[in-house]
Amino acid sequence: MKKSKIISAIAISFTFLIAANNLYGQFDLTMYNFNPVIQTNQANPAFIPKYQYHVGIPGLSSVYAQMGTSGIKYNQLFTRRADDSLIINFNDISNHIKNNNNIGIRLSEQWLNGGMLWKKYYFNFAVSDIIDFNMMYSNDLVNLAVHGNGTSIGKSIDLAPTFLKATHYREYAFGAAYNFDSKWNFGAKVKMLFGKSNIHTKTLDAKLYTAENTYFLTTETNMLINTSVPKQWFNGGNYSNSEYLFYGGSFGLSIDLGATYKLDDKYSFSASILDLGYIKFDRNYLNYSTTSNQWTFEGIDALAFRNMTNDQVNNKITSIGDSLINKFDIKESWHSYNILMTAKIYLGATYKLSDKENIGVLVRSEIVNKILRPSFTATYYRQMLNNLGVIGSYSIINRSYSNIGAGIYYNIEPVQIYLVSDNIAGIFVPDAVKYANFHFGVNIIFPEKKSGNTLIDL
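Take my numbering: the last position of the sequence shown gets the number 727, and nothing is skipped along the way.
Structure, rendered in structure tokens:
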């Protein structure tokens with residue numbers, strides 16, 4: 270029964286994967302060049318804000334949500350019938366799927382943050398909860414789910430690359446930036462990470478071959494799935510939210526590095542690399558594995574169901590299902606394990622059009638399962654008033670070329686309010702886009718004291 274639940278969970282994950290279809294999880298593209306907002310420092314630790322001190326409103330200083338897809342959109346996946354009900358549009362799914370598809374979701378809640386300028390230094394800290402979900406799947410997997418194996422007679426279907434990494438962790442970040450001279454800023458952050466839960470497919474290789482004459486199915490699997498999830502979630506045990514949220518096990522570390530360079534009064538350049546690190550999951554762990562397991566399924570004798578009652582049919586189907594599950598020969602073990610964080614690389618440049626406006630470009634990439642996933646963003650920033658600024662953006666993300674973003678900040682000292690999105694349409698019609706996100710927050714700011722120190726204009 271336990272193995273049956275495992276297979277069911279994997280099947281549900283694959284179904285969700287096909288429905289959500291390929292997110293290239295890109296994080297805060299428009300925000301990167303929105304320099305008056307303190308949270309730009311999340312994307313480059315060398316960015317120094319122009320405030321002597323700042324603190325975040327607990328739970329509201331940085332609220333971020335992102336989802337997207339590089340394949341089929343929700344309104345392409347489903348078709349509305351005459352009776353207004355929704356059905357899956359099986360005929361159109363394969364037309365929107367390519368190789369190396371990905372789905373990703375990111376949720377981030379900053380509970381606390383603060384920072385201060387001191388001489389030529391900027392020090393900051395933040396406490397955040399982050400949920401990061403990444404899944405990859407192949408075109409063959411989708412075709413198998415939609416069309417079955419009838420189109421692959423005499424061929425081998427390779428389900429690689431199939432990959433899942435879903436993690437909830439708490440992050441304690443401590444950063445420092447240094448104004449080296451009139452041209453250079455350097456910055457770094459050290460992050461202490463505490464894993465709350467995780468599912469990670471360390472290895473998930475599967476092949477399916479359909480014989481030409483007999484149509485027998487031969488499968489070959491090699492799998493290692495690591496999990497760290499409270500067992501009480503599944504067996505009905507008593508496990509409080511406070512116990513889950515505040516337990517300090519599953520420790521990890523990561524670092525962020527960044528630099529900015531001001532070429533002259535017009536051109537500035539920046540670069541950063543984020544989340545170089547790991548988490549070791551050493552609580553609530555359970556591992557599932559198979560090793561080069563191969564078996565052949567010869568099909569079901571339909572005549573065996575003749576003259577059976579409904580209960581007998583159900584029992585027969587259950588028996589067949591249990592037999593198939595046992596053929597996978599899934600073994601359980603209990604070992605702690607490490608995961609690498611999803612590394613992110615930012616390369617940016619801005620050109621100052623006037624004292625109140627600039628244009629910028631950003632190339633951002635992240636590395637998931639050894640695959641580099643890039644995006645491109647162009648921005649235009651305008652300082653409308655001394656305490657009001659707006660930004661607009663255009664991004665190429667998730668094989669999508671229609672992402673128009675915008676952002677606004679307003680300082681009512683000592684309060685700063687901001688709202689940013691990389692794709693405005695995604696907020697209003699999320700079913701019609703491949704990528705949607707928003708970033709909202711409220712900070713308490715105290716203006717920079719006038720001194721002889723010169724900070725680089727960001």
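Even glycine gets a Cβ: it sits at the ideal position worked out from N, Cα and C.
> Under a three-way DSSP split, which group does Ala612 fall into?
Replying inline: Looking up residue 612 in the sequence shown gives position 343. Correct three-state label for Ala612: coil.
>> Cutting at 8 Å between CB atoms, please list the residues of its own chain near Ile524, excluding the five before and the five after it.
In response: Within the sequence shown, the letter at position 255 stands for residue 524. Result list for Ile524: Ala457, Lys458, Val459, Lys460, Leu545, Gly546, in chain order.
> Whose CA, out of Tyr390, Ile681, Ala429, lies closest to the CA of Ser407?
Replying inline: In the sequence shown, residue 407 corresponds to position 138, counting from 1. Per the Cα distances, Ala429.
>> Please state the DSSP three-state secondary structure of Thr578.
In response: The sequence position of residue 578 within the sequence shown is 309, counting from 1. It is coil, neither helix nor strand.
> In whole angstroms, what separates the C-alpha of Tyr557 from that of Leu493?
Replying inline: The sequence position of residue 557 within the sequence shown is 288, counting from 1. The sequence position of residue 493 within the sequence shown is 224, counting from 1. Using only the alpha carbons, I get a separation of about 6 Å.
> If you draw a straight line from the C-alpha of Gln350 to the C-alpha of Ser339, how long is it?
Replying inline: The count along the sequence shown starts at 1 and reaches residue 350 at position 81. The count along the sequence shown starts at 1 and reaches residue 339 at position 70. Looking at the sequence provided, one finds Arg at residue 350 rather than Gln. Computed Cα separation, rounded: 26 Å.
> Since Ala475 is in the alpha helix (DSSP H), which residue starts that stretch and which ends it?
Replying inline: What you label residue 475 is simply residue 206 of the sequence shown in a count that begins at 1. Taken as a continuous stretch (DSSP letters only), Ala475 belongs to no alpha helix (DSSP H), being part of the beta strand (DSSP E) at 453-479.
> Between Tyr320 and Ile681, what straight-line distance do the alpha-carbon atoms span, to the nearest angstrom?
Replying inline: Taking the sequence shown and counting its residues from 1, one reaches residue 320 at position 51. Taking the sequence shown and counting its residues from 1, one reaches residue 681 at position 412. Approximately 14 Å, taken between the alpha carbons.
> Measuring CA to CA, which of Thr431, Asn576, Phe550, Ser331 is closest to Ser605?
Replying inline: Here residue 605 is taken as the residue at index 336 of the sequence shown, counted from 1. Ser605 has its Cα closest to that of Phe550, out of Thr431, Asn576, Phe550, Ser331.
> Taking the alpha carbon of Phe402 as the point to measure from, which residue in Ala694, Thr420, Leu376 has its own alpha carbon closest?
Replying inline: The residue given as residue 402 occupies position 133 in the sequence shown. If we check each option's Cα against that of Phe402, Leu376 comes out closest.
> Just how far apart, CA to CA, sit Ser363 and Gly661?
Replying inline: Mapped onto the sequence shown, residue 363 falls at position 94. Mapped onto the sequence shown, residue 661 falls at position 392. Their Cα atoms are separated by approximately 34 Å.
> Between the region 590-605 and the region 621-629, are three or more C-beta pairs nearer than 8 Å?
Replying inline: no
>> Please state the DSSP three-state secondary structure of Lys585.
In response: On the sequence shown, residue 585 is found 316 positions in, with the first residue counted as 1. Looking at Lys585 - three-state DSSP - the assignment turns out to be helix.
> What is the rounded straight-line gap between the Cα of Phe538 and the Cα of Ala528?
Replying inline: Start at 1 with the first residue of the sequence shown, and residue 538 comes out as number 269. Start at 1 with the first residue of the sequence shown, and residue 528 comes out as number 259. Whole-angstrom Cα-Cα distance: 8 Å.
>> Three Cβ pairs or more, each shorter than 8 Å: is that satisfied between the region 649-668 and the region 308-316?
In response: no
> By Cβ distance, which residues of its chain are closer than 7 Å to Pro683, with the 5 residues on each side in sequence left out?
Replying inline: Here residue 683 refers to the residue found at position 414 of the sequence shown. Hits under 7 Å: Ile713, Ile714, Phe715.
>> Quick check: what's the CA-CA separation for Lys535 versus Gly629?
In response: Counting from one through the sequence shown, the residue named residue 535 turns up at place 266. Counting from one through the sequence shown, the residue named residue 629 turns up at place 360. Rounded to the nearest angstrom, the two C-alpha atoms are 11 Å apart.
> From this set, Phe455, Leu514, Tyr484, Ser511, which residue's C-alpha is nearest Leu526's C-alpha?
Replying inline: Mapped onto the sequence shown, residue 526 falls at position 257. The shortest Cα separation from Leu526 among Phe455, Leu514, Tyr484, Ser511 belongs to Phe455.
>> Taking only three categories from DSSP, how would you classify Thr483?
In response: By one-based count along the sequence shown, residue 483 stands at place 214. Of the three classes helix, strand and coil, the one that applies to Thr483 here is coil, per DSSP.
>> DSSP three-state label for Val411, please.
In response: On the sequence shown, position 142 is the one that residue 411 refers to. Correct three-state label for Val411: helix.
> Can Ser497 and Ser466 be called in contact, C-beta distance under 8 Å?
Replying inline: Numbered from 1 along the sequence shown, position 228 holds the residue referred to as residue 497. Numbered from 1 along the sequence shown, position 197 holds the residue referred to as residue 466. Yes, they are a contact pair.
> At which residues does the alpha helix (DSSP H) containing Gly695 begin and terminate?
Replying inline: Position 426 of the sequence shown holds residue 695. Where Gly695 is concerned, the enclosing alpha helix (DSSP H) stretches over 693-697.
> Would a C-beta distance cut-off of 8 Å place Tyr441 and Val396 closer than the cut-off?
Replying inline: Start at 1 with the first residue of the sequence shown, and residue 441 comes out as number 172. Start at 1 with the first residue of the sequence shown, and residue 396 comes out as number 127. Contact check for Tyr441 against Val396 passes: the beta carbons are separated by less than 8 Å.
> Candidates Ser669, Ile422, Val698, Leu514: which alpha carbon is nearest Ile399's?
Replying inline: By 1-based counting over the sequence shown, the position of residue 399 is 130. Nearest C-alpha to Ile399: Leu514.
>> What does the alpha-carbon distance come out to for the pair Phe566 and Ile341?
In response: Here residue 566 is taken as the residue at index 297 of the sequence shown, counted from 1. Here residue 341 is taken as the residue at index 72 of the sequence shown, counted from 1. Computed Cα separation, rounded: 32 Å.
> How is the alpha helix (DSSP H) around Leu329 delimited, first residue to last?
Replying inline: In the sequence shown, the residue the question calls residue 329 occupies position 60. Where Leu329 is concerned, there is no enclosing alpha helix (DSSP H), because DSSP gives it neither an H nor an E.
>> Output needed for Tyr478: all residues of its chain with C-beta closer than 6 Å, excluding positions within five of it in sequence on either side, in chain order.
In response: Numbered from 1 along the sequence shown, position 209 holds the residue referred to as residue 478. Here the set comprises Ser425, Thr487.
> From Asn562, Gly464, Glu489, pick the residue whose C-alpha is nearest to that of Tyr554; which is it?
Replying inline: In the sequence shown, counting from the first residue as 1, residue 554 sits at position 285. The residue with the shortest Cα to Cα distance from Tyr554 is Gly464.
> To which residues does DSSP link His437 through a beta bridge?
Replying inline: Stepping through the sequence shown from its first residue, residue 437 is reached at position 168. According to DSSP, which records beta bridges pairwise, His437 is partnered with Ile400, Ser466.
>> Suppose contacts are defined by Cβ-Cβ distances below 8 Å. Is Tyr301 in contact with Leu631 by that definition?
In response: The residue given as residue 301 occupies position 32 in the sequence shown. The residue given as residue 631 occupies position 362 in the sequence shown. Contact flag set, yes.
>> So for Ala675, helix, strand or coil by DSSP?
In response: Locating residue 675 in the sequence shown gives position 406, where the first residue counts as 1. Residue state, collapsed to three classes: strand.
> Between Thr470, Ser354, Gln345, which lies nearest to Asn607 when the distance is taken from Cα to Cα?
Replying inline: By 1-based counting over the sequence shown, the position of residue 607 is 338. Taking each of Thr470, Ser354, Gln345 in turn and checking the Cα distance to Asn607, the smallest one comes out for Thr470.
> What residue from Ile356, Asn576, Thr648, Leu522 has the CA that sits closest to Thr611's CA?
Replying inline: Reading the sequence shown from its first residue, position 342 is the one you call residue 611. Cα-wise, what sits closest to Thr611 is Leu522.
> What's the call for Asp691, buried or exposed, on a 16-neighbour Cβ count within 10 Å?
Replying inline: Indexing the sequence shown from 1 puts residue 691 at position 422. Result: buried.
> Which value, in whole angstroms, describes the spacing of the CA atoms of Phe697 and Ser354?
Replying inline: The sequence position of residue 697 within the sequence shown is 428, counting from 1. The sequence position of residue 354 within the sequence shown is 85, counting from 1. Straight-line Cα distance between these residues: approximately 22 Å.
>> For Asn370 and Glu378, I'd like the C-alpha separation in whole angstroms.
In response: Translated into positions along the sequence shown, residue 370 becomes position 101. Translated into positions along the sequence shown, residue 378 becomes position 109. The straight-line gap from Cα to Cα measures roughly 27 Å.
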